[in-house]
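Numbered continuously in the UniProt record's numbering, the sequence shown closes out at residue 241.
Cβ atoms here follow ideal geometry from the backbone N, Cα and C, with glycine treated the same way.
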Amino acid sequence: MGKERRLTVFLSIIWALTILYGEMFAYWVPSLWTCSWPHHLRHSSSSSVKRLNDSGDYVKIAVLADPQLMDRTSLHLSPKSLALEIAQFYTDLFMRRAFLLSVLRFKPDVLLFLGDYFDGGPILSDNEWQESLSRLKHIFDLNVLQKTKNMKVYFLSGNHDIGYEALYSKTPEVIRRYEEEFGARNYKFTLGKVDFIAIDSQTLDGNSQGNVTSATWNFIANVSQDSSSMTRVLLTHIPLY
1 MGKERRLTVF LSIIWALTIL YGEMFAYWVP SLWTCSWPHH LRHSSSSSVK
51 RLNDSGDYVK IAVLADPQLM DRTSLHLSPK SLALEIAQFY TDLFMRRAFL
101 LSVLRFKPDV LLFLGDYFDG GPILSDNEWQ ESLSRLKHIF DLNVLQKTKN
151 MKVYFLSGNH DIGYEALYSK TPEVIRRYEE EFGARNYKFT LGKVDFIAID
201 SQTLDGNSQG NVTSATWNFI ANVSQDSSSM TRVLLTHIPL Y
């Protein structure tokens, strides 16, 4: 075998191994060697240290944000074009594989989505929005997780879901269809001994006389008056500034 052929074979093997790593092993490595849930230590009354291994002592929460599923607004490709279909297929495949192998493998008790599910969410037609919703449920196995694995899933709205006031004030149906699928945009829930406060921060800088903005501020006022002594975690899609 000549030098050029040996070099070609060698480079082909390197290329194949690189593809194999990127498409398979890269998702296995974090769960096998580099990642784990933190193990907290608790001091008992006798001053001895006990590791919290009992699943009743803690709640494992996986936080996911900004999947922004690709659609016709992402690269300005024609709807249903071959280029868009290929791009959607591979980006969906990447996210699903990463989620199933690198996140779900750790068996979280709760999934917390922090918004921006579809790239062009507010301006998609109802049919396009439903198609993106079906893709989202498939990528993150939502139907299976909620029905068969009894996993709690919580959603927050993002600007790529309902937009800002300039958009939702003219097309209120974007909020309606979001709430019909994902539920309330402002709410409180408790996990373990921690209260989580979900705020639709996109609406805070809107017209204070508008129903959407005033509803968010009223929710904040009511939560602020709650005298609960439990630890609180504030959840928003965009910062409060």
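Check whether the segment 189–201 touches the segment 124–143, counting contact only when three or more Cβ pairs, one atom from each stretch, lie closer than 8 Å. Taking one beta carbon from each stretch, the segment 189–201 and the segment 124–143 have fewer than 3 pairs nearer than 8 Å; the two do not touch.
Cα-Cα separation, E128 to R6: In the sequence shown, the residue the question calls residue 128 occupies position 128. In the sequence shown, the residue the question calls residue 6 occupies position 6. Rounded to the nearest angstrom, the two C-alpha atoms are 51 Å apart.
From M230, W15, N159, R176, residue whose alpha carbon lies closest to that of P239: Within the sequence shown, numbered from 1, the residue matching residue 239 stands at position 239. Minimum Cα distance to P239 is reached at N159.
Out of R176, S134, N207, which one is the CA nearest neighbour of F118? The residue labelled residue 118 in the question sits at position 118 within the sequence shown. Ranked by Cα distance from F118, the options R176, S134, N207 are led by S134.
Once the 5 residues before and after Y27 are set aside, which same chain residues still bring their CB inside 7 Å of it? Position 27 of the sequence shown holds residue 27. Same-chain partners within the cutoff: R97, A98, L101, S102.
Nearest-angstrom Cα separation, counted from Y58 out to S46: Here residue 46 is taken as the residue at index 46 of the sequence shown, counted from 1. Here residue 58 is taken as the residue at index 58 of the sequence shown, counted from 1. For S46, the predicted structure reports a pLDDT of 48, less than 50, and the residue's modelled location is therefore unreliable. A value from the coordinates is still provided. S46 and Y58 have their C-alpha atoms roughly 22 Å apart.
Is the beta carbon of P108 less than 7 Å from the beta carbon of V174? On the sequence shown, position 108 is the one that residue 108 refers to. On the sequence shown, position 174 is the one that residue 174 refers to. Taking 7 Å as the Cβ cut-off, P108 and V174 do not qualify as a contacting pair.
Given this structure, state the Cα-to-Cα distance separating V223 from I199, to the nearest angstrom. Numbered from its first residue, the sequence shown carries residue 223 at position 223. Numbered from its first residue, the sequence shown carries residue 199 at position 199. In this structure, the CA atom of V223 is about 11 Å from the CA atom of I199.
Can you find the residues in the same chain that come closer than 7 Å, C-beta to C-beta, to F155, ignoring five residues on each side of it along the sequence? Here the question's residue 155 lines up with position 155 in the sequence shown. Once the five neighbours on either side are set aside, the close Cβ partners of F155 are F113, F182, G183.
Let me know the secondary structure DSSP gives D161 once reduced to three states. As a position in the sequence shown, residue 161 is number 161, starting the count at 1. The three-state secondary structure of D161, taken from DSSP, is helix.
Helix, strand or coil at D205 [DSSP, three-state]: Numbered from 1 along the sequence shown, position 205 holds the residue referred to as residue 205. Secondary structure of D205 (DSSP, three-state): coil.
Does the Cβ of M24 have 16 or more other Cβ atoms within 10 Å, making it buried, or fewer, making it exposed? Taking the sequence shown and counting its residues from 1, one reaches residue 24 at position 24. Exposed is the call here.
For a test of the three-state rule: what should DSSP assign to V223, helix, strand or coil? Counting from one through the sequence shown, the residue named residue 223 turns up at place 223. Reduced to three states, the DSSP call for V223 is helix.
For N186, count neighbouring C-beta atoms within 10 Å of its own C-beta (all shown protein chains included) and say buried if the count is 16 or more, exposed if not. Reading the sequence shown from its first residue, position 186 is the one you call residue 186. By the Cβ neighbour-count rule, N186 is buried, with 16 or more other Cβ atoms within 10 Å of its own.
Proximity winner among L111, L124, H237, R177, relative to S201 (alpha-carbon distances): As a working mapping, residue 201 is identified with position 201 in the sequence shown. Its Cα nearest to that of S201, the residue H237 stands out among L111, L124, H237, R177.
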